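S.K.:
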Amino acid sequence: MADRGNGFVTFDRRSSAMIDKLSMHPGVTGTMHQELHGAMDSAQPPATGRAAESTLAALVERVRGETGVVPAHLIELQRVAREYDCLIGIRPVDRLATELIESGHPTKGFHIKGKSANWGPQAAFICVDQRFSKLEDKPNRIEKFDRQVQSCIAEGYAKRVPLTLSKARFDKLLGEGLIDRIRRDGNGMPATFEAKAPSGAVYSFEARHIHSAGEVRYAIAHHGEPIEVLAPPKDGAKPLTADYDLFLIGPRFDDLGPRDNLPVPDVSHDVFKVRLEGYKNGIPDALRSAYRRPSEFYRKEDTEIGNASSRVRDMIPIINAALVGDGEAVVHHSTDSCSPAAEPDANYPATFALPQKIGCFDEICIVHDKYELAELIGGAKQVGYHVPLNPLWEKEVTGVRRESFLVAREQLSANLR
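What follows is the structure, given as structure tokens:
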């Protein structure tokens, strides 16, 4: 166990197992047993009278430079968090996707595994050739995602369309420095331009002036080959852009129940294997198949939304209805807190909507790193919220416990002396 110096204490799985065993000791009272397992929360939420500068509109203005979530969506997301009394976190959203989402572009769902781009004219779109994605400087990963893109096309989840940009989008990318060195034709229209990729390499592109529904647009090519991006498999669909990846949904302790059970409780096959390998009497026969075969272990995951609890399944359409009404859905699948594909380093800055101010975290706030996340989790637990934790996340995050837990443990230790 270690004190991180900010009022929150972390400890490892062995300590947790020890507490489980000690909680069965006859010297442990009922109240202490509940405190040990985080089942009782006697703390009442503090009064949080909102100062003038902390109105929701002001909070949105404060965070908009650090989040790709559409500003109007932040207001509605906080309303959902307040109405359903839960924490709602969203993983980083590419800020170049914000205006695309706001203008009604569809967002990629669970079956679209290709990575979006963060550079060039294709920024915030999902390229068929993943060499033009954010993976441009990671050639060892491009082949894998190229295969996944081809698979989602073959299975009918998406189609390929040529990339075209409106004049406004082209000008925005120019203003953001995503494209430069433009050469114009005799009519003043862009003809060629360049863009710097994540690797530092400079790519040249061509822009061909076209008319579409009375709008000036540019068809984009690289060395004469059209840049292709993914779109939904229906006529006239706009290209796909990044969605809102839910980070977590944290309900109140007293609202926990069967709705929060996961189809795959261990989340990760690797975590499951390590747990079974620790059994003193060997791996039970009933679990051998799941131990040997990942496909068997993940069999109970929902094929459309992943490893989702009933609560998360119910919240997805609620969030979409609040944010976009009958428009294109922006949330498609389960949370990172129960995803076997979690990448902790890619979780920040995370955007949170809270039902109330928690410690130094306002109702709409940004969590910049694992230490701030640990602080938010600790504060949320203190005022009665359960925060689901992915075993693949950082130990500084997964080891956070409520102060009442630690007090109960000290009382237990004193009773057993």
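This note's numbering puts the sequence shown at residues 14 to 430.
Yeah, the Cβ is synthetic: ideal placement off N, Cα and C, and Gly gets one too.
Since the structure is predicted, the reported quantities are computational estimates derived from the model, not experimental observations.
Report the three-state DSSP secondary structure of Lys-126 (helix, strand or coil).
M.R.: coil
S.K.: Can you look up Asp-315 in the DSSP assignment and give me helix, strand or coil?
M.R.: strand
S.K.: Hey, quick one: how far does the alpha helix (DSSP H) through Ala-299 stretch, first residue to last?
M.R.: Bounds of the alpha helix (DSSP H) holding Ala-299 are 298-305.
S.K.: Could you pull out every residue in the same chain whose Cβ sits closer than 7 Å to the Cβ of Val-325, ignoring the five residues on either side in sequence?
M.R.: Ile-262, Ser-347 and Thr-348
S.K.: With a Cβ-Cβ cutoff of 8 Å, do Cys-140 and Ile-240 count as a contact?
M.R.: yes
S.K.: In three-state terms, what does DSSP make of Ala-335?
M.R.: helix
S.K.: Please work out which residues of its chain come closer than 8 Å, Cβ to Cβ, to Cys-165, disregarding the five sequence neighbours upstream and downstream, and give them in chain order.
M.R.: His-124, Ile-125, Lys-126, Gly-127, Ala-171 and Leu-243
S.K.: Taking the Cβ atom as the reference point for each residue, do Val-277 and Phe-310 lie within a distance shorter than 8 Å?
M.R.: Yes, these two residues count as a Cβ contact at 8 Å.
S.K.: What's the call for Cys-99, buried or exposed, on a 16-neighbour Cβ count within 10 Å?
M.R.: With 16 or more Cβ atoms within 10 Å of its Cβ, Cys-99 is classed as buried.
S.K.: Can you give, in chain order, each stretch of the beta strand (DSSP E) that sits fully within the region 249-292 and has at least 3 residues?
M.R.: 259-263
S.K.: Which whole-angstrom value describes the C-beta separation of Ile-223 and Ala-208, a residue pair presumed to lie in contact below a C-beta threshold of 8 Å?
M.R.: So it is not a contact: roughly 20 Å between Cβ atoms.
S.K.: According to DSSP, is Tyr-361 part of a helix, a strand, or is it coil?
M.R.: coil
S.K.: Looking at C-beta atoms only, is the number of pairs between the region 326-335 and the region 88-108 that lie closer than 8 Å three or more?
M.R.: yes
S.K.: Would you call the region 99-112 and the region 66-83 in contact, with 3 or more CB pairs under 8 Å?
M.R.: At 8 Å Cβ cutoff, the stretches touch.
S.K.: Between which two residues does the alpha helix (DSSP H) containing Val-174 stretch?
M.R.: Note, Val-174: premise wrong, no alpha helix (DSSP H); beta strand (DSSP E) at 172-175.
S.K.: If you compare alpha carbons, which of Gln-369, Gly-188 and Arg-173 is closest to Gly-397?
M.R.: Gln-369
S.K.: In its own chain, which residues sit with a C-beta less than 6 Å from the C-beta of Pro-245, not counting the 5 before and 5 after it?
M.R.: Pro-119
S.K.: To which residues of the same chain is Glu-219 closer than 6 Å at the C-beta, ignoring the five residues directly before and after it?
M.R.: Thr-205 and Ala-234
S.K.: In the DSSP assignment, find the unbroken beta strand (DSSP E) run with Cys-378 in it and report its ends.
M.R.: 377-380
S.K.: What three-state label does DSSP hand Ser-323 in the structure shown?
M.R.: helix
S.K.: In chain order, what residues of the same chain lie with their CB nearer than 7 Å to the CB of Pro-84, ignoring the 5 residues before and after it?
M.R.: Val-73 and Arg-77
S.K.: Along the chain, where does the beta strand (DSSP E) containing Ala-204 start, and where does it finish?
M.R.: Per DSSP, Ala-204 belongs to the beta strand (DSSP E) from 203-209.
S.K.: Starting from Asn-87, follow the alpha helix (DSSP H) in both directions and report where the run begins and ends.
M.R.: The sequence given here has Leu at residue 87, not Asn. Counting along the chain, the alpha helix (DSSP H) containing Leu-87 begins and ends at 84-96.
S.K.: Quick check on DSSP: helix, strand or coil for Ala-137?
M.R.: coil
S.K.: Give the range of the beta strand (DSSP E) segment to which Ala-234 is assigned.
M.R.: 228-235
S.K.: Going by the beta-carbon positions, is the gap between Glu-89 and Ala-335 smaller than 8 Å?
M.R.: yes
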